[in-house]
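Trainee: Numbered according to the working numbering, the sequence shown spans residues 473 to 856.
Before anything else, here's the structure in question.
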Amino acid sequence: MPAMLPAPADSARRLAEVLPSAVASVTGASGASGPLALGAARSAVVVLVDGLGAANLAARRGHARVLAGAYGKRDVIRTVFPSTTAAAIATFATGAAPGEHGLVAYRTLVPGTDRLENQLNAWDHGGLPDGWQRRRPLFESARDAGLQPFAVGAPRYADSGFTRAVLRGAEYRPEATIEARFETALDLVTDVDRALVYLYIPELDQISHAHGWESDRWTAALEQVDAAVAAFTKRMPRGAGLLVTADHGVLDVPEHRHVHIDAHPGLVDGIRHVAGEPRCLGLFFEPDASSGERAAIVARWRESEGSRAWVLTRDEAIDAGLFGQVDDAVRPRIADLLVAARSSIAYYDTREPDRRAERMIGQHGSLTDEESRVPLLRFGAYAR
Numbered sequence: 473m474p475a476m477l478p479a480p481a482d483s484a485r486r487l488a489e490v491l492p493s494a495v496a497s498v499t500g501a502s503g504a505s506g507p508l509a510l511g512a513a514r515s516a517v518v519v520l521v522d523g524l525g526a527a528n529l530a531a532r533r534g535h536a537r538v539l540a541g542a543y544g545k546r547d548v549i550r551t552v553f554p555s556t557t558a559a560a561i562a563t564f565a566t567g568a569a570p571g572e573h574g575l576v577a578y579r580t581l582v583p584g585t586d587r588l589e590n591q592l593n594a595w596d597h598g599g600l601p602d603g604w605q606r607r608r609p610l611f612e613s614a615r616d617a618g619l620q621p622f623a624v625g626a627p628r629y630a631d632s633g634f635t636r637a638v639l640r641g642a643e644y645r646p647e648a649t650i651e652a653r654f655e656t657a658l659d660l661v662t663d664v665d666r667a668l669v670y671l672y673i674p675e676l677d678q679i680s681h682a683h684g685w686e687s688d689r690w691t692a693a694l695e696q697v698d699a700a701v702a703a704f705t706k707r708m709p710r711g712a713g714l715l716v717t718a719d720h721g722v723l724d725v726p727e728h729r730h731v732h733i734d735a736h737p738g739l740v741d742g743i744r745h746v747a748g749e750p751r752c753l754g755l756f757f758e759p760d761a762s763s764g765e766r767a768a769i770v771a772r773w774r775e776s777e778g779s780r781a782w783v784l785t786r787d788e789a790i791d792a793g794l795f796g797q798v799d800d801a802v803r804p805r806i807a808d809l810l811v812a813a814r815s816s817i818a819y820y821d822t823r824e825p826d827r828r829a830e831r832m833i834g835q836h837g838s839l840t841d842e843e844s845r846v847p848l849l850r851f852g853a854y855a856r
């Protein structure tokens, strides 16, 4: 049997509730509160800082006094499983679980093919079929309700397939720097009635992958975000609300903590595809494997890795509710076997043609608190 899974309380707030709550606060639906009980607002800005976990912020609170000053025990929510950007931002933007919107891994098998595709960039070379993201973005429904939705982010994402899939309904405003994004957001909530602004900050996640979240560069970027939030809150118009959250947290995995699965032949025997990512592998079995052969693969992985990872079959993960409600069409996108790291390790396959991922230091994707707990910080009309 797999190791016991972490069990957040049923009352734990979720990333999926953030954007619906912001919309409700402006439209007046649900008593102007929504699931997060936000106060009424004239306009809303929701900032998503990629890779800023609750533990990361708490450990560097002296370098982020504005963010940390708004941070308390109740200001922590849970992201999705896997704790990876494609799944989390799709949940944020649709309010649906990965099992409903369909982005269930960083890289997964496209059913009916023998091909793995990256859920962030495969849209741009036609690797994912139309309708792969299966839920209507909340920006479209917000627009129908009379709000004016905007997405403010880096120019490189302005016309990406992922942006079109999850941010549809929002007018994209490209800005190259963190400060320029906040300036644009300030202009929008000042000049546009009933604005809903989503502001995306990828820089901390990018720095963590290259240098680690414990690096001076990451701390400097956090200070930059904190200063931008401070400047914004001083100038934001009365009646506007600001939320700051994240898609996942990060932990550093040094090279000596890498586990090469192909160094143990029994672990790759019977495996057709190694999908997922280093802290949350998704293993697809050979399609003609018998039930006995499948059971033997699961047993080998549990014997080898069960002390340092959650090793779950597809059915076990679904039954545990890790993906939320799972649509029938999404089920085959979930790997036959999931290996989610519990200790500070990362799994790699040296047979992979492109091994650049092994240079990454900051990692995420699994179920640990460091990866799955993220802040939800409230300012302006949302401050308590």
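Where a beta carbon is used, it is the ideal one built from N, C-alpha and C, also for glycine.
Bear in mind the structure is a predicted one, so any value in this text is a computation, not a measurement.
Can you check the region 744-815 for any alpha helix (DSSP H) of at least 4 residues that lies completely inside it and give the ranges in chain order?
Mentor: Those alpha helix (DSSP H) runs which fall completely within the region 744-815 and span 4+ residues are 763-777 and 786-791.
Trainee: Tell me the start and end of each unbroken alpha helix (DSSP H) in the region 550-580 that is at least 4 residues and wholly inside, in chain order.
Mentor: Listed in chain order, the complete alpha helix (DSSP H) runs (minimum 4 residues) inside the region 550-580 are 557-566 and 570-573.
Trainee: Which residue marks the beginning of the beta strand (DSSP E) containing residue 730, and which one marks its end?
Mentor: Taking the first residue of the sequence shown as position 1, residue 730 is located at position 258. Taken as a continuous stretch (DSSP letters only), the beta strand (DSSP E) holding residue 730 covers 730-732.
Trainee: What number of angstroms, rounded off, separates the C-alpha of residue 847 from the C-alpha of residue 526?
Mentor: As a position in the sequence shown, residue 847 is number 375, starting the count at 1. As a position in the sequence shown, residue 526 is number 54, starting the count at 1. Each residue's Cα considered, the two are about 5 Å apart.
Trainee: Whole-angstrom Cβ separation of residue 418 and residue 755, contact assumed at under 8 Å?
Mentor: Given that the chain is displayed from residue 473 to residue 856, the structure contains no residue 418 and the question cannot be resolved.
Trainee: May I have the straight-line CA-CA distance separating residue 737 from residue 743, to the nearest angstrom?
Mentor: For the purposes of this step, residue 737 is taken as residue 265 along the sequence shown, with counting starting at 1. For the purposes of this step, residue 743 is taken as residue 271 along the sequence shown, with counting starting at 1. Straight-line Cα distance between these residues: approximately 11 Å.
Trainee: Note down the Cα distance separating residue 564 from residue 850, rounded to an integer number of angstroms.
Mentor: Residue numbering aside, residue 564 sits at position 92 when the sequence shown is read from its first letter. Residue numbering aside, residue 850 sits at position 378 when the sequence shown is read from its first letter. Approximately 17 Å, taken between the alpha carbons.
Trainee: Any idea what DSSP makes of residue 513, helix, strand or coil?
Mentor: Counting from 1 along the sequence shown, the entry for residue 513 is found at position 41. Here residue 513 sits in coil by DSSP.
Trainee: Beta-carbon within less than 7 Å of residue 610's beta-carbon, same chain only, minus the 5 sequence neighbours each way: which residues are those?
Mentor: Position 138 of the sequence shown, counted from the first residue, corresponds to residue 610. Correct list, in chain order: 491, 492, 495, 565, 566 and 567.
Trainee: Need the endpoints of the beta strand (DSSP E) that residue 620 sits in, please.
Mentor: Reading the sequence shown from its first residue, position 148 is the one you call residue 620. Run containing residue 620: 620-625, per the beta strand (DSSP E) assignment.
Trainee: Using the Cβ count rule (16 or more neighbours within 10 Å means buried), how would you classify residue 497?
Mentor: The residue you call residue 497 lines up with position 25 of the sequence shown. Flag for residue 497 reads buried.
Trainee: Which residue marks the beginning of the beta strand (DSSP E) containing residue 852, and which one marks its end?
Mentor: In the sequence shown, the residue the question calls residue 852 occupies position 380. First-last of the beta strand (DSSP E) with residue 852: 849-852.
Trainee: Which residue from 730, 700, 758 and 726 puts its Cα closest to that of residue 741?
Mentor: Locating residue 741 in the sequence shown gives position 269, where the first residue counts as 1. The option with the nearest alpha carbon to residue 741 is 758.
Trainee: Who pairs with residue 835 in a beta bridge, going by DSSP?
Mentor: In the sequence shown, residue 835 corresponds to position 363, counting from 1. Paired residues: 723.
Trainee: Quick one, are the C-beta atoms of residue 667 and residue 715 less than 9 Å apart?
Mentor: As a working mapping, residue 667 is identified with position 195 in the sequence shown. As a working mapping, residue 715 is identified with position 243 in the sequence shown. Going by C-beta atoms, residue 667 is not nearer than 9 Å to residue 715.
Trainee: Which residue or residues does DSSP assign as beta-bridge partners of residue 712?
Mentor: Start at 1 with the first residue of the sequence shown, and residue 712 comes out as number 240. According to DSSP, which records beta bridges pairwise, residue 712 is partnered with 515.
Trainee: Go ahead and pull the three-state DSSP assignment for residue 842.
Mentor: Here residue 842 refers to the residue found at position 370 when the sequence shown is read from its first residue. Reduced to three states, the DSSP call for residue 842 is helix.
Trainee: Could you tell me the boundaries of the beta strand (DSSP E) in which residue 667 lies?
Mentor: Taking the sequence shown and counting its residues from 1, one reaches residue 667 at position 195. That run of the beta strand (DSSP E) goes 667-673.
Trainee: Determine the closest residue to residue 720 out of 570, 551 and 476, with distance taken between C-alpha atoms.
Mentor: As a first step, residue 720 is located in the sequence shown; it is residue number 248 there, counting from the start. Here the closest residue by C-alpha is 551.
Trainee: Which residues in the same chain as residue 559 place their Cβ atom closer than 6 Å to its Cβ, once the five residues preceding and following it in sequence are excluded?
Mentor: By one-based count along the sequence shown, residue 559 stands at place 87. 552, 570 and 575, listed in sequence order.
Trainee: Helix, strand or coil, according to DSSP, for residue 717 in the structure here?
Mentor: Taking the first residue of the sequence shown as position 1, residue 717 is located at position 245. In the structure shown, residue 717 sits in a strand (DSSP, three-state: E or B).
Trainee: Of the residues 604, 729 and 516, which one's Cα is nearest the Cα of residue 581?
Mentor: The residue labelled residue 581 in the question sits at position 109 within the sequence shown. Measuring from the Cα of residue 581, the nearest candidate turns out to be 604.
Trainee: What's the gap between the Cα of residue 710 and the Cα of residue 852?
Mentor: Against the sequence shown, residue 710 aligns to sequence position 238. Against the sequence shown, residue 852 aligns to sequence position 380. Approximately 7 Å, taken between the alpha carbons.
Trainee: Specify the secondary structure class of residue 590 as computed by DSSP and reduced to three states.
Mentor: Translated into the one-based positions of the sequence shown, residue 590 becomes position 118. The answer is strand: DSSP assigns residue 590 an E or B state.
Trainee: Quick check: the Cα distance between residue 477 and residue 554, rounded to an integer number of angstroms?
Mentor: What you label residue 477 is simply residue 5 of the sequence shown in a count that begins at 1. What you label residue 554 is simply residue 82 of the sequence shown in a count that begins at 1. The alpha-carbon atoms of residue 477 and residue 554 are separated by roughly 13 Å.
Trainee: List in chain order: all unbroken beta strand (DSSP E) runs of 3+ residues lying wholly within the region 651-707.
Mentor: The qualifying runs are 667-673.
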